[in-house]
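Residue 38 is where the sequence shown starts when you use our numbering, and the numbers rise one by one after that. Backbone N, C-alpha and C define an ideal beta-carbon position, used for all residues, glycine too. Structure record follows, encoded as structure tokens.
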Amino acid sequence: MTTINWQKIKHIVVLGLGKTGVSVVRFLANKPSLIADVRVFDSRENPPGLEDAKAIMPRAEFNTRHWEIEDTLAADLIITSPGIDSREEPLTLARDAGIPVVGDIEIFAQNVDFPLVAVTGSNGKSTVTRLVEFIGQQAGKNVVAAGNIGLPVLDLLQLDSKPDAVVLELSSFQLELTEKLRLKAAALLNISADHLDRYNALEDYIAAKQRIFNNADTWVLNRQQQDTWPHPITGNVLSIGKDAHPNDFGLLGGNVDKSSGPVAITYAGEVVLRADQLQLQGVHNLLNAQAALGLALSLGISIEDAVEAAKNFDGLAHRCQLVSQESGVLWVNDSKATNIGATAAAVEGLRPAITGRLLLIAGGDGKGADFKELTGTLDKVDILLTIGKDGPKIGQLFNGSRQVNDLVQAVELAKSLVQPGDMVLLSPACASFDQFDNFEHRGDVFCQAVEAANGNRA
């Protein structure tokens, strides 16, 4: 799309409120050259941020109903939330009529004047984004995380002092709506079947992810997933992987897939960071650390400074988070594992950390995923407890699995089955919305249930 000429736009439609929608309204309200009328739509009866948005831009029209075809076709510009399916007829017809349909990332990209790096992938985005932010700050730079995590990007444009750099976590939905995002470096961590309720085919999902490289100088790519690499490659490739590599990042020592023996991260053929120096657990997090180090290099941070900072990063809640080691049993909260690939990474990455059995709690809303892809992962599991709407579909793949009513019951049953040396891993391979508000709620319930099961009731 061409650069937005705000002085020529007469009619703007904003779809969706919440944090992102409110930041869009704030951006429009603070734009002195804007003469357009602004109509805001949210299909929820009492959407989050409605009163804030009204106070920010009293002249805008706010509608708590679904937008219709006539609403979108009357616009000169549509700014939509990434949570709204771009295949909706009002949006499809608007695009066919030549009306620009963009998200907040595209508006940000057309107005930003500080360095950007970005991360996408099915799994690990938040960990890598926060690790890059942490490395930058430890190196004395004002690096800020934004996008799908942290501040809404448009709010960054309102800050009194500019950051030295911004690291963006970007979903496929955000990338669909983005054309002009200029990046010093972009990372595509991995691809696994996810959000297939929003895409007609896996290839469409991959293509959306690959858009992150459209205007990126350096491309951080996973050597073990070369089928997801965009073609042709027009950027400078900095690859990551489970194997050693003479020029890029890699792993050295031991059998990485079975993880026997020491493992270290290498860069340009030299060991730069031992696995036991990282607080992050699992082989998948060694790959995440490689990506973060690569992005940090693109921001002018030395490999030595980046490595020293990475040693002190203790990870994020709900992502392979160690909850308890009571009585020699490891309880791990990986509630953020909302797809098959995330659970596969957690099981394969954490299995070597235990001497006993692995008990997996999985299930929820599978979002149309083919759970047969979990078969190889389940071979590494000793006990399987399933929960939620699609728990039985996962249970069918494992002899002796047990479906329980809810997560609390799963924890209580797990407590009765485990012994010292075992690990209980909540890694659902599913979204949480069938039983919980979100993955954080699910993880919190797990943590509380673990405390109660171990006799640590408040």
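(request) Would you list, in sequence order, the uninterrupted beta strand (DSSP E) runs of no fewer than 3 residues that lie entirely inside the stretch 235-276? (result) Runs of the beta strand (DSSP E) spanning 3 or more residues and lying entirely within the stretch 235-276 occur at 253-259, in chain order.
(request) For N370, name the three-state secondary structure that DSSP assigns. (result) In this structure, DSSP gives N370 an extended state, which the three-state scheme calls strand.
(message) Alpha carbons only, please: which of L191, T166, A66 and A390 is nearest the one belonging to V180?
(response) Closest by alpha carbon: T166.
(request) Buried or exposed for F473, please, with buried defined as at least 16 other CB atoms from any protein chain shown within 10 angstroms of its CB. (result) Answer is buried; the Cβ neighbour count reaches 16.
(request) Can you tell me which of N284, E363 and V77 puts its alpha carbon nearest to the alpha carbon of N491? (result) Ranking N284, E363 and V77 by CA distance to the CA of N491 puts E363 first.
(message) If I follow the unbroken alpha helix (DSSP H) through Q147, where does it start and stop?
(response) Boundaries cannot be given for Q147, as no alpha helix (DSSP H) includes it and DSSP labels it neither H nor E.
(message) If contact is defined by three or more beta carbon pairs under 8 Å, each pair taking one atom from either stretch, is the stretch 336-348 in contact with the stretch 430-437?
(response) The answer is no - the stretch 336-348 does not touch the stretch 430-437, with fewer than three Cβ pairs under 8 Å.
(request) Specify whether the stretch 157-175 and the stretch 346-366 touch according to this definition: at least 3 beta carbon pairs, one from each stretch, less than 8 Å apart. (result) With a cut-off of 8 Å on Cβ pairs, the stretch 157-175 is in contact with the stretch 346-366, counting three or more such pairs.
(request) Could you pull the start and end residues of the beta strand (DSSP E) that E206 belongs to? (result) E206 -> beta strand (DSSP E) spans A202 to E206.
(request) May I have the straight-line CA-CA distance separating D351 from L324, to the nearest angstrom? (result) About 16 Å.
(message) Once DSSP output is grouped into helix, strand and coil, what is the label at D402?
(response) Three-state result, D402: strand.
(message) Please identify the residue among H103, R124, L128 and I228 whose C-alpha is closest to the C-alpha of T109.
(response) For T109, the closest of H103, R124, L128 and I228 by C-alpha to C-alpha distance is L128.
(request) Can you grab the Cα-Cα spacing for the pair D443 / Q195, in whole Å? (result) Distance between D443 and Q195, taken at the CA atoms: about 44 Å.
(message) The alpha helix (DSSP H) that contains P478, what's its start and end?
(response) At residue 478 the sequence reads His, which differs from the Pro that was named. Bounds of the alpha helix (DSSP H) holding H478 are F476 to A490.
(request) Compare the C-alpha of S208 against each of D241, W256, S159 and K199 and name the closest. (result) When the alpha-carbon of S208 is set against those of D241, W256, S159 and K199, the nearest one is in S159.
(request) Report all residues from its chain with a CB closer than 7 Å to the CB of Q262; omit the five preceding and five following residues, and keep chain order. (result) Cβ contact annotation for Q262 (same chain, cutoff 7 Å, sequence separation greater than five): N227 and I228, in chain order.
(request) Mind checking who E307 pairs with in its DSSP beta bridge? (result) Answer is Y304, bridged to E307.
(request) With L78 as the anchor, note down where its beta strand (DSSP E) starts and where it stops. (result) The sequence shown places Phe at residue 78, not Leu. Judged by DSSP secondary structure, F78 falls within the beta strand (DSSP E) whose first and last residues are D74 to F78.
(request) Name the residue from L395, W43 and H478 whose alpha carbon lies nearest to the alpha carbon of N148. (result) When C-alpha distances from N148 are compared across L395, W43 and H478, the shortest belongs to W43.
(message) Rounding to the nearest angstrom, what Cα-Cα distance links C357 and I391 in this structure?
(response) One C-alpha to the other measures close to 14 Å.
(request) Within its chain, find whatever has a CB closer than 6 Å to the CB of P189; leave out the 5 residues flanking it on each side and keep chain order. (result) Excluding positions up to five away in sequence, the list reads K56, T57 and S60.
(message) For K221, report the span of its beta strand (DSSP E) as first-last.
(response) Membership of K221 in the beta strand (DSSP E) is indicated by the continuous run L220 to L225.
(message) Tell me the rounded alpha-carbon separation between K199 and G187.
(response) The alpha-carbon separation between K199 and G187 amounts to approximately 16 Å.
(request) Evaluate the contact criterion for the stretch 247-264 versus the stretch 214-222: three or more CB pairs, one atom per stretch, below 8 Å. (result) The stretch 247-264 is in contact with the stretch 214-222.
(request) Using DSSP bridges, identify the partner residues of I115. (result) For I115, which the question treats as bridged, DSSP gives the partners V50 and V138.
(message) Distance check for I115 and K409, CA to CA, integer angstroms please.
(response) Our two residues, K409 and I115, have alpha carbons roughly 40 Å apart in a direct line.
(message) Quick test of your reading: L462 and I398, contact by CB under 8 Å. State the CB separation rounded to the nearest angstrom.
(response) At roughly 7 Å, the Cβ-Cβ gap stays under 8 Å, so L462 and I398 are in contact.
(request) Assign F210 to one of three DSSP states: helix, strand, or coil. (result) F210: helix per DSSP, three-state reduction.
(request) Using DSSP bridges, identify the partner residues of M460. (result) Beta-bridge pairing links M460 to L367 and L395.
(message) Please state the DSSP three-state secondary structure of N160.
(response) Here N160 sits in coil by DSSP.
(request) Grab the span of the beta strand (DSSP E) containing L450 for me, first residue to last. (result) Run containing L450: none in the beta strand (DSSP E); it sits in the alpha helix (DSSP H), L444 to L454.
(request) Give the straight-line distance between the Cα atoms of K295 and V384, rounded to the nearest whole angstrom. (result) Any reading at K295 is ruled out, since the residue's pLDDT is 45, under 50, leaving its predicted position unreliable.
(request) Compute the distance between the beta-carbons of S163 and G140, then report whether it is under 9 Å. (result) For S163 and G140, no; Cβs fall outside 9 Å.
(request) Would you mind sorting I431 into buried or exposed? The rule is 16 or more other CB atoms within 10 Å of its CB. (result) Classification for I431: buried.
(message) I'd like to know whether the C-beta atoms of A222 and W266 end up nearer to each other than 9 Å.
(response) Result no, Cβ atoms of A222 and W266 do not sit closer than 9 Å.
(message) If you follow the beta strand (DSSP E) that F99 is in, where does it begin and where does it stop?
(response) Taken as a continuous stretch (DSSP letters only), the beta strand (DSSP E) holding F99 covers E98 to N100.
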